[in-house]
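Colleague: Sequential numbering of the sequence shown, starting at 53, is according to the numbering used here. All C-beta atoms, glycine included, are put in the ideal place defined by N, C-alpha and C. I have a structure here, written as structure tokens, and I will follow up with some questions on it.
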Amino acid sequence: MQSNQSTEIMAQAAASIPATKVVYFSSQDEETKHLRNYWLVLLKRKWWFLSVLAAIVGITLLAIFLMPPIYMVTVTLQIIQDNPSSILGGSASDPLGALTGSSEIDRFYETQYAILQSRTMAYGIIDALNLKDHPSYHSMENDNKDLPPEVIRQKYADDLLGHMKVDPVKNSFLVNVSFRSTYKELAMKVPEIIQQEYLKVCMAQRRQSYNMLQEWLEVELDRLGKKLEISEQKVYENGQKSDFLSMEDRDTLQLNVVVLKYIDVSKLLTTAQAERANKEAQYRQILEKGVDAPLITGNALISTLRNQLIDLQSQVSGSSSTFGPNYPELKGQATRMKDLQQRLAQEVKRIETSIKADYEAAVRAENLLSQEYQAAKSKVIEMQNGLVQHHILKRDLQTNLTVYDGLLSRVKEASIASTMVSSNVSIVSAAEMPYKPWLPKPLLFIALSVILGSLLGAVAAFFVEYLDSSLKTSEELEKLCHIPALGVIPMSESKDAGEQRNLLGLVSYNKPNSMVSEAYFHVRSSIMLSASEGPPQVITVTSPNPSEGKTVTSSNIAVTLACTGRKCIILDCDLRKPKVHQAIGEPNGKGLTNYLTGNATLDEIICATRVPNLSFISAGPTPPNPNDLLNSTSFQSLMQELRARYDHIILDSPPVIGFADARSLGSKGDGVVLVFRHHSTTREAARLTMQLMSQNNCRILGAVLSMARKDLMGYGGYYQYYHYYHKQYKGYHDEASRNAEQNKDYKS
Numbered sequence: 053m054q055s056n057q058s059t060e061i062m063a064q065a066a067a068s069i070p071a072t073k074v075v076y077f078s079s080q081d082e083e084t085k086h087l088r089n090y091w092l093v094l095l096k097r098k099w100w101f102l103s104v105l106a107a108i109v110g111i112t113l114l115a116i117f118l119m120p121p122i123y124m125v126t127v128t129l130q131i132i133q134d135n136p137s138s139i140l141g142g143s144a145s146d147p148l149g150a151l152t153g154s155s156e157i158d159r160f161y162e163t164q165y166a167i168l169q170s171r172t173m174a175y176g177i178i179d180a181l182n183l184k185d186h187p188s189y190h191s192m193e194n195d196n197k198d199l200p201p202e203v204i205r206q207k208y209a210d211d212l213l214g215h216m217k218v219d220p221v222k223n224s225f226l227v228n229v230s231f232r233s234t235y236k237e238l239a240m241k242v243p244e245i246i247q248q249e250y251l252k253v254c255m256a257q258r259r260q261s262y263n264m265l266q267e268w269l270e271v272e273l274d275r276l277g278k279k280l281e282i283s284e285q286k287v288y289e290n291g292q293k294s295d296f297l298s299m300e301d302r303d304t305l306q307l308n309v310v311v312l313k314y315i316d317v318s319k320l321l322t323t324a325q326a327e328r329a330n331k332e333a334q335y336r337q338i339l340e341k342g343v344d345a346p347l348i349t350g351n352a353l354i355s356t357l358r359n360q361l362i363d364l365q366s367q368v369s370g371s372s373s374t375f376g377p378n379y380p381e382l383k384g385q386a387t388r389m390k391d392l393q394q395r396l397a398q399e400v401k402r403i404e405t406s407i408k409a410d411y412e413a414a415v416r417a418e419n420l421l422s423q424e425y426q427a428a429k430s431k432v433i434e435m436q437n438g439l440v441q442h443h444i445l446k447r448d449l450q451t452n453l454t455v456y457d458g459l460l461s462r463v464k465e466a467s468i469a470s471t472m473v474s475s476n477v478s479i480v481s482a483a484e485m486p487y488k489p490w491l492p493k494p495l496l497f498i499a500l501s502v503i504l505g506s507l508l509g510a511v512a513a514f515f516v517e518y519l520d521s522s523l524k525t526s527e528e529l530e531k532l533c534h535i536p537a538l539g540v541i542p543m544s545e546s547k548d549a550g551e552q553r554n555l556l557g558l559v560s561y562n563k564p565n566s567m568v569s570e571a572y573f574h575v576r577s578s579i580m581l582s583a584s585e586g587p588p589q590v591i592t593v594t595s596p597n598p599s600e601g602k603t604v605t606s607s608n609i610a611v612t613l614a615c616t617g618r619k620c621i622i623l624d625c626d627l628r629k630p631k632v633h634q635a636i637g638e639p640n641g642k643g644l645t646n647y648l649t650g651n652a653t654l655d656e657i658i659c660a661t662r663v664p665n666l667s668f669i670s671a672g673p674t675p676p677n678p679n680d681l682l683n684s685t686s687f688q689s690l691m692q693e694l695r696a697r698y699d700h701i702i703l704d705s706p707p708v709i710g711f712a713d714a715r716s717l718g719s720k721g722d723g724v725v726l727v728f729r730h731h732s733t734t735r736e737a738a739r740l741t742m743q744l745m746s747q748n749n750c751r752i753l754g755a756v757l758s759m760a761r762k763d764l765m766g767y768g769g770y771y772q773y774y775h776y777y778h779k780q781y782k783g784y785h786d787e788a789s790r791n792a793e794q795n796k797d798y799k800s
């Protein structure tokens, strides 16, 4: 009675609840569970994590036990830079540092570190400690018997340097030189001899450098001496040839004859040019004004003659007017006047001739002086050109003399410096005998192996999880397929495979209080509330691939629906490989195939089960054309008659991928329930199933995640899922109750 009441309430709730938008995937929930999901992945893949961790730790322990003890001894040296600039002729500027961006000090210390790790140092240590008799050297010889002794010596030197480490102390002149070896005494002796061999190498390099420098300086000194001698000879020869001996000093420049002559001629030329200009002006004045020129009119003789001529003309004019033209003295006066005029004309002509002669003489004098000036000027220019060459020779002489003096001083300094002993290296911390091996360090190695193993184990776990393309959670199912997850069916806790096969088919009836049964009851509740117009009557249950729990799910859905007091029937529509009769525990006698082919009636193929209100139609014999039978009019008539007899009809169909039966059955029913196997059904299969079912316009009610393993979903995964759906169902139930009360009040 109580079950009938709950069924009525659920039916009223489904009929009254409007269609609501169901959120299948919440990005906010994913963000809040993001870190926890990582933890669940580690728990799910814990065997990968633990296997990698155990492997790393095991390898580390094996290495600790097999590794021979390694001893390391360190000596601290103080290396101070010498000042070779004064000896080598360097200056404060550092052009190499400007190009490379490094200082001279940095390059010096990098050079010293390279010397400490050079083969020369290794050869010195081998000879100083007589390591040819050491067991390590004999071991090298035994490993390389076919090689010549020189190559073995090189390989041993490289091995020696490989065990040596040079570690500079930051912001100091100190450097730690460490040496490690499996031989305790060798690890102690090598650092002790390092300072001595380093000093020998430095002194040998210093002597070699200074010897090479001294040889080069002597060759250059001899070459520059000859060059200096040639320069001096050229200067004196050029001075003698060009008469520059009296011009070594600028103050005695006026003593040179060429220059003095040039100056005197220049002065005379200037005077002659002025005289010529004056004469030319007088001559042009005579030519322009004639007898009225000031030079003529201003002449005393001409002025006297003119006055006499004027007086005589006055007398002639007076006598002629007084006595007439026939006056005897008039002729005499006329004769004197004519003579006087001739004399005046002669005097004027004499003056003109004199001025012209002076002008022509001034022009000739100027021309001569100009020619002499040009000749003197040419000599001065020639002398100046020679003087430039003379100065060039003098500067070359001075340069050669300066270089010669500098090289001479460097030769002396290099000779002195080559005898000096370097004192720039000292021991700050001497080598001490180690009391325990440097390696292995068991605690440190184990701790590092645990850290590394944990990291690699986590990487392996997440990588395996990444490679796994199967469906893992209901949230992933909803996000991928965009359909609601009707429930998660856990794997049976029974360890007996036979017991699982016997119980899982009707587990909701045989063990109603088990976790699996509770999951199927949740699936039933989700199906009942999946449609707004009411619970679906014809439900098709299918899966993408075989062996994904489709038949067990359809059987238990039928059982849970029958438990509500509704009449239910389950049809085994998998005519290719039927299994519903095994899950129900009934024989596969006359069934659906017999009815569709007309060999049996409906009452003959309907079988009752031990579950109340649940009937069963088996598949019957396997037909050659299952899809044609399912699309026949006989099957449609069967469905119409079953709809009239039963409240719910469950169709167990073949898998979707590979067969068209499920798509045909899905389009004939009220809804389709897809079954995906946990950690078996791939994402690609799920997408393809959704695509194929959507092409036939099948109404998908949701999906069930079957055979879920608790260890692969994370601890508490089931309980969280069931808590979520309990909460959702409770909300729907409360809403349905409120609607029922409102309808009751409205009717009253």
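Would you kindly check if the distance between the Cβ of I702 and the Cβ of I591 is under 8 Å?
Modeller: yes
Colleague: Would the C-beta of N677 count as close to the ligand MG, meaning under 7 Å from any of its heavy atoms?
Modeller: Absence of the ligand MG from the depicted structure is noted, as is the absence of any ligand whatsoever, leaving it without description.
Colleague: Just to confirm my understanding: we take E517, look at its own chain, exclude 5 residues before and 5 after, and list those with CB closer than 7 Å. What are they?
Modeller: Around E517: V93, R97.
Colleague: Measuring alpha carbon to alpha carbon, tell me which residue in P630, E736, W490, G539 is nearest H215.
Modeller: W490
Colleague: What's the call for E570, buried or exposed, on a 16-neighbour Cβ count within 10 Å?
Modeller: With 16 or more other Cβ atoms within 10 Å, it is buried.
Colleague: Helix, strand or coil: which one does DSSP assign to S526?
Modeller: The three-state reading of DSSP puts S526 in helix, counting H, G and I together.
Colleague: Given a cut-off of 8 Å on the beta-carbon distance, is the pair Q169 and V218 in contact?
Modeller: yes
Colleague: With distance defined between alpha-carbon atoms, name the residue in R697, A738, L744 nearest to S716.
Modeller: L744
Colleague: State the CB to CB distance for the pair D626 and P675, rounded to an integer number of angstroms; the pair is presumed to be in contact (CB under 8 Å).
Modeller: About 12 Å separates the two Cβ atoms, so there is no contact after all.
Colleague: If the criterion is Cβ atoms closer than 8 Å, does the pair T645 and L682 meet it?
Modeller: no
Colleague: Using a beta-carbon distance below 8 Å, is H700 in contact with chain B?
Modeller: The structure shown has no chain B; it contains just one protein chain.
Colleague: Would you tell me roughly how many angstroms separate the C-alpha atoms of A10 and L312, rounded to the nearest one?
Modeller: Past the edges of the chain, shown from 53 to 800, lies residue 10, and the structure says nothing about it.
Colleague: For the pair the region 106 to 125 and the region 478 to 495, tell me if three or more CB-CB distances fall below 8 Å.
Modeller: yes
Colleague: So, for A513: in the same chain, excluding its five sequence neighbours on each side, which residues have a beta-carbon less than 7 Å away from its beta-carbon?
Modeller: V93, L94, R97, W100, F101
Colleague: Any contact of the region 636 to 652 with the region 729 to 744, i.e. 3+ C-beta pairs under 8 Å?
Modeller: Verdict: no, contact absent.
Colleague: Taking Cβ to Cβ, would you say V632 is nearer than 8 Å to S670?
Modeller: yes
Colleague: Using three-state DSSP, classify I116 as helix, strand or coil.
Modeller: helix
Colleague: I need the DSSP call for I177, collapsed to helix, strand or coil.
Modeller: helix
Colleague: How long is the line joining the alpha carbons of T304 and L280, rounded to whole angstroms?
Modeller: At T304, the pLDDT of 42 sits below 50, so the modelled position is not reliable and the matter cannot be decided from this model.
Colleague: With distances taken Cα to Cα, identify the nearest neighbour of P542 among L757, R258, L321.
Modeller: Ranked by how close their Cα comes to the Cα of P542, the residues L757, R258, L321 have L757 in first place.
Colleague: Quick one: using the 10 Å Cβ neighbour count with 16 as the cut-off for buried, is V104 buried or exposed?
Modeller: buried
Colleague: So, for M173: in the same chain, excluding its five sequence neighbours on each side, which residues have a beta-carbon less than 7 Å away from its beta-carbon?
Modeller: I167, E249, Y250, V253
Colleague: Short of 6 Å in beta carbon distance, which residues of its chain neighbour Y314, apart from the five on each side in sequence? Order them along the chain.
Modeller: A428, V432
Colleague: With 16 as the cutoff for other CB atoms within 10 Å, does A329 come out buried or exposed?
Modeller: exposed
Colleague: Give the straight-line distance between the Cα atoms of S521 and A107, rounded to the nearest whole angstrom.
Modeller: Taking the straight line joining both Cα atoms gives about 27 Å.
Colleague: Could you tell me if S191 is buried or exposed, where buried requires 16 or more neighbouring beta carbons within 10 angstroms of its beta carbon?
Modeller: exposed
Colleague: Using only CA atoms, which one of D655, K602, K720, L726 lies nearest to T685?
Modeller: K720
Colleague: Look at Y411 and Q334 and say whether their C-beta atoms are less than 8 Å apart.
Modeller: yes
Colleague: Have a look at V463 and S155 and give me their C-alpha separation to the nearest angstrom.
Modeller: 27 Å
Colleague: Would you identify the three-state DSSP class for A660, choosing helix, strand or coil?
Modeller: strand
Colleague: Is it buried or exposed, I177, if we count other Cβ atoms within 10 angstroms and call 16 or more buried?
Modeller: buried
Colleague: How long is the line joining the alpha carbons of E82 and E528, rounded to whole angstroms?
Modeller: Reliability of the predicted coordinates at E82 is poor, the pLDDT of 46 falling under 50, and no value is obtained from them.
Colleague: Are R697 and G723 close, meaning C-beta to C-beta below 8 Å?
Modeller: no
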